[in-house]
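Below is one structure, written out as structure tokens, with a few remarks after it.
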Amino acid sequence: MIVKTYQINGMHCMGCVKKVQQAFISHNHISEANVNLEKSSVKLKMIKMLQLDEVTSILKNIGDYQLIENESEIFFKKNQISTYKPLLLVIGFILLVSILSAYKTSFHFMNWMSNFMGGFFITFSFFKFLDLNGFSNSFASYDIIAKKWKGYGKIYPFIELAIGIAYLIELPATITNSVCILILTASTIGVVQAVMGEKKIQCACLGTVFNLPMSTVTIIENGTMIIMAILFLIFSLH
590 MIVKTYQING MHCMGCVKKV QQAFISHNHI SEANVNLEKS SVKLKMIKML QLDEVTSILK
650 NIGDYQLIEN ESEIFFKKNQ ISTYKPLLLV IGFILLVSIL SAYKTSFHFM NWMSNFMGGF
710 FITFSFFKFL DLNGFSNSFA SYDIIAKKWK GYGKIYPFIE LAIGIAYLIE LPATITNSVC
770 ILILTASTIG VVQAVMGEKK IQCACLGTVF NLPMSTVTII ENGTMIIMAI LFLIFSLH
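Using the working numbering, the first residue of the sequence shown is number 590, and each one after it goes up by one.
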């Protein structure tokens, strides 16, 4: 579900509100429309993302209304890259180092995966160790295990560190990947619940050093690592 807020000019009474609301909810890709006369705004829940001109065209035949994209949302779009810059840089460096190390002789996909996942978990655990208490509190706000057992947040960075080392020294892949899938799945369930519930909480993937908001970026990050662990597990069994 996609939620977008727009400023709307030209509404003067509740009749306008009802007319605008009806026009929006009659559209196939809009499931809900909340029109606010006082704030001259409309909040749309879309099944499919509509561009500004598509949304504007919905009102074309019902009156002289002007739709303007919410300035705060435009600002958010422009700042998404800068917001997640630390995360992108960390992953980028891990990716670079893992590729270079896999090319020591000839490139081998399993070696690269082992290096990347080992580097990923060790690096991410490092940032959590910088403020263990802060991470534990932040983690407990969404992880389904940490919510029920506060101590889990304190030992989680140690688990990540152990998994990272296990990948790099090539301990039995079945155990390493199974533990990886288990802890990341539990974390991802909590992340999805937080994002779907539109909760404004901090993502604890890089500890509390960087103020990263919880979003679909976190879901993609966790989901990618789960898929890699599953592939690693499948390949190692053959």
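Don't be surprised by glycine CBs; every beta carbon is placed ideally from N, CA and C.
Note that the coordinates shown come from a computational prediction; the quantities given were computed from them, not determined experimentally.
Residue range G740 to L757 is occupied by the alpha helix (DSSP H) that includes Y756, with no beta strand (DSSP E) assigned at that position. A622 has its alpha-carbon roughly 6 angstroms from the corresponding atom of K632. Beta bridge pairing from DSSP links C605 with no other residue.
DSSP places A622 in no alpha helix (DSSP H) but in the uninterrupted beta strand (DSSP E) bounded by I619 to N625. The alpha carbon of T807 has as its nearest neighbour, out of K743, M785, A818 and Y756, the alpha carbon of M785. Its Cα nearest to that of N625, the residue I597 stands out among I815, A729, I597 and V798.
Its chain contains M699 as the residues whose beta carbon lies nearer than 7 angstroms to that of F824, once the 5 sequence neighbours on both sides are disregarded; these appear in chain order.
One alpha carbon belongs to L689, the other to A783, and they sit about 36 angstroms apart. Contact between the stretch 728-736 and the stretch 767-783 is present, with at least three C-beta pairs closer than 8 angstroms.
Contact between S646 and T594 is absent: CB atoms are separated by about 18 angstroms, not below the 8 angstroms threshold. For E810, no pairing in a beta bridge is given by DSSP. Around F710, the same chain offers E749, I752 and G753 as residues with beta carbons nearer than 6 angstroms, after the five sequence neighbours per side are excluded.
In this structure, the beta-carbon distance from F682 to G796 does not fall below 7 angstroms. Annotation for Q596: no alpha helix (DSSP H) segment contains it, though the beta strand (DSSP E) segment containing it runs I591 to N598. In the three-state scheme derived from DSSP, where H, G and I count as helix and E and B as strand, K634 is classed as strand. The C-beta distance from M600 to Y654 rounds to 7 angstroms, short enough to meet the 8 angstroms contact threshold. Burial is judged here by how many other beta carbons sit within 10 angstroms of a residue's own beta carbon; E643 has fewer than 16 and is exposed.
Scanning K608, L822, T765 and F713 for the CA closest to the CA of N650 turns up K608. Around M635, the same chain offers I591, H618 and I619 as residues with beta carbons nearer than 6 angstroms, after the five sequence neighbours per side are excluded. Here the C-alpha atom of C794 lies approximately 28 angstroms from the C-alpha atom of H697.
Between I815 and I770, the beta carbon gap of about 6 angstroms places them in contact (Cβ cut-off 8 angstroms). In the DSSP assignment, L771 falls within the unbroken alpha helix (DSSP H) covering A762 to M785. With distances taken between CA atoms, E658 lies nearest to L639 out of L676, L639, G652 and P675.
Restricting attention to I734, K739 and Y745, the CA atom closest to the CA of F715 is found in Y745. Across the structure, S687 and M702 are spaced so that their CA atoms are roughly 8 angstroms apart. For L684, the enclosing alpha helix (DSSP H) stretches over residues K674 to A691.
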